[in-house]
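Chains as they are written, first to last, in this note's numbering: chain A, 7 to 174; chain B, 7 to 174.
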């Protein structure tokens, strides 16, 4: 079932994101600056900072999975101030996603109505493909961009890593 | 079938991207600078410029659709130098995607092998969810980021626009 499949893809992307944060940490060590200086960076003064990009990516993945499985997601407090804290946030999110099984998504059909805000409902396919997947990658890519533009040596394979092709 | 569905989502996102380029054009007019100055901007000197972000977003959408439908995508030359050219590139891509019908994707199953490089094959689901969807949103988000960080008044709804929820 593709709901399960797409949630598994969030896990892969979040692990890639963690590896990107690891590269940022190594870059800070090599250049001898505090890696936590990245946490407050923004693309523009009225845009959310790096910490929020990570939190929203995690919460989008977690909330999507929980909503499509018809369960309540665990609450994770927004209290991270360091890169290590943010990696902990990603780890908690991945650990939760890994508790879910294909069977948890079997009752959900493409037109099952999902309550995604207290006053909004949306069919499952529209929820996943039109809102949640784009939103998830928006925040992961923005986090990547913030590090990339400040000199962390990243390439697109850091973002895409883990897709499995087979030699022809 | 979700292959058709996800290709339709690429159309929606490309139309949002075109509206974002329109906002950049209006911003340039209001501030009296040449909107084409955005075309060569980069997040970092060794990263691809804005024009390439748009081309790759388009080619990812077009190539994904064609590969999943088992047809050959039309070739679009990489010769854009202006914002108007880039909007033309998006329009050509959308026009092609709109020729495809749900029936074109019916023969493709989750494990159908897709040739995505001359020497690489990958099962359809892995191709779509692990490579092409993340890659598409990576480039759309990077284009958004390049404009956003240079003062174009954008918000996330410019990126997500068109997802249809229903009042509860």
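Here a beta-carbon is modelled for each residue, glycine too, at the ideal position from N, C-alpha and C.
With 9 Å as the threshold, decide whether the Cβ of residue i is near any Cβ in chain B.
i: residue 118 of chain A; result: no
i: residue 33 of chain A; result: no
i: residue 76 of chain A; result: no
i: residue 123 of chain A; result: yes
i: residue 154 of chain A; result: yes
i: residue 177 of chain A; result: Because chain A in this structure spans residues 7 to 174, residue 177 of chain A falls outside the shown range and cannot be described.
Which chain A residues are close to residue i, counting only those with a beta carbon under 7 Å from its beta carbon?
i: residue 141 of chain B; result: 166
i: residue 8 of chain B; result: 8
For residue i, which residues of its own chain have a beta-carbon under 8 Å away from its beta-carbon, when the five flanking residues on both sides are left out?
i: residue 119 of chain A; result: 127, 128, 129, 130
i: residue 48 of chain A; result: 54, 55, 56, 152
i: residue 117 of chain B; result: 129, 130, 131
i: residue 78 of chain B; result: 72
i: residue 115 of chain A; result: 130
i: residue 52 of chain B; result: none
Is there a Cβ of chain A sitting closer than 9 Å to that of residue i, yes or no?
i: residue 132 of chain B; result: yes
i: residue 11 of chain B; result: yes
i: residue 157 of chain B; result: yes
i: residue 18 of chain B; result: yes
i: residue 49 of chain B; result: yes
i: residue 36 of chain B; result: no
i: residue 39 of chain B; result: no
i: residue 102 of chain B; result: no
Just to confirm before moving on: does the CB-CB distance between residue i and residue j stay below 9 Å?
i: residue 54 of chain B; j: residue 62 of chain B; result: yes
i: residue 165 of chain B; j: residue 60 of chain B; result: no
i: residue 134 of chain A; j: residue 30 of chain A; result: no
i: residue 45 of chain B; j: residue 56 of chain B; result: yes
i: residue 96 of chain B; j: residue 24 of chain B; result: yes
i: residue 36 of chain B; j: residue 43 of chain B; result: no
i: residue 76 of chain A; j: residue 86 of chain A; result: no
i: residue 132 of chain A; j: residue 170 of chain B; result: yes
i: residue 147 of chain B; j: residue 143 of chain A; result: yes
i: residue 8 of chain A; j: residue 8 of chain B; result: yes
i: residue 98 of chain B; j: residue 80 of chain B; result: yes
i: residue 155 of chain A; j: residue 155 of chain B; result: yes
i: residue 145 of chain A; j: residue 69 of chain A; result: no
i: residue 136 of chain B; j: residue 168 of chain A; result: yes
Can you pull the chain B residues whose beta carbon is under 8 Å from the beta carbon of residue i, in chain order?
i: residue 170 of chain A; result: 128, 132, 136
i: residue 162 of chain A; result: 141, 144
Whose C-beta lies closer than 6 Å to the C-beta of residue i among residues of the same chain, with five residues either side of it excluded?
i: residue 100 of chain A; result: 17, 20
i: residue 110 of chain A; result: 75
i: residue 92 of chain B; result: 60, 86
i: residue 82 of chain A; result: 98
i: residue 88 of chain A; result: 42
Please work out which residues of its chain come closer than 7 Å, Cβ to Cβ, to residue i, disregarding the five sequence neighbours upstream and downstream, and give them in chain order.
i: residue 150 of chain A; result: 26, 160, 165
i: residue 106 of chain B; result: 13, 71, 75
i: residue 67 of chain A; result: 16, 20, 99, 103, 142
i: residue 84 of chain A; result: 61
i: residue 158 of chain B; result: 29, 30, 33
i: residue 113 of chain A; result: 76
i: residue 38 of chain A; result: none
i: residue 22 of chain A; result: 164, 165, 167, 168
i: residue 108 of chain A; result: 7, 10
Any idea which residues DSSP pairs residue i with across the strands?
i: residue 51 of chain A; result: Answer by DSSP bridge pairing: none, since residue 51 of chain A is not bridged.
i: residue 129 of chain A; result: A:119
Would you please verify whether the beta carbon of residue i is less than 9 Å from any beta carbon of chain C?
i: residue 147 of chain B; result: Judged by its chain identifiers, the structure shown contains no chain C, and its protein chains are A and B.
Taking Cβ-Cβ distances shorter than 9 Å, what residues in chain B pair up with residue i?
i: residue 59 of chain A; result: Within chain B, no residue comes near residue 59 of chain A; the closest Cβ sits about 11 Å away, beyond 9 Å.
In chain A, what lies closer than 8 Å to residue i by C-beta?
i: residue 151 of chain B; result: 49, 147, 148, 151
Is residue i near the ligand ATP, in the sense that its beta carbon is under 8 Å from a heavy atom of that ligand?
i: residue 168 of chain A; result: Among the components of this structure there are no ligands whatsoever, and the ligand ATP is therefore not found.
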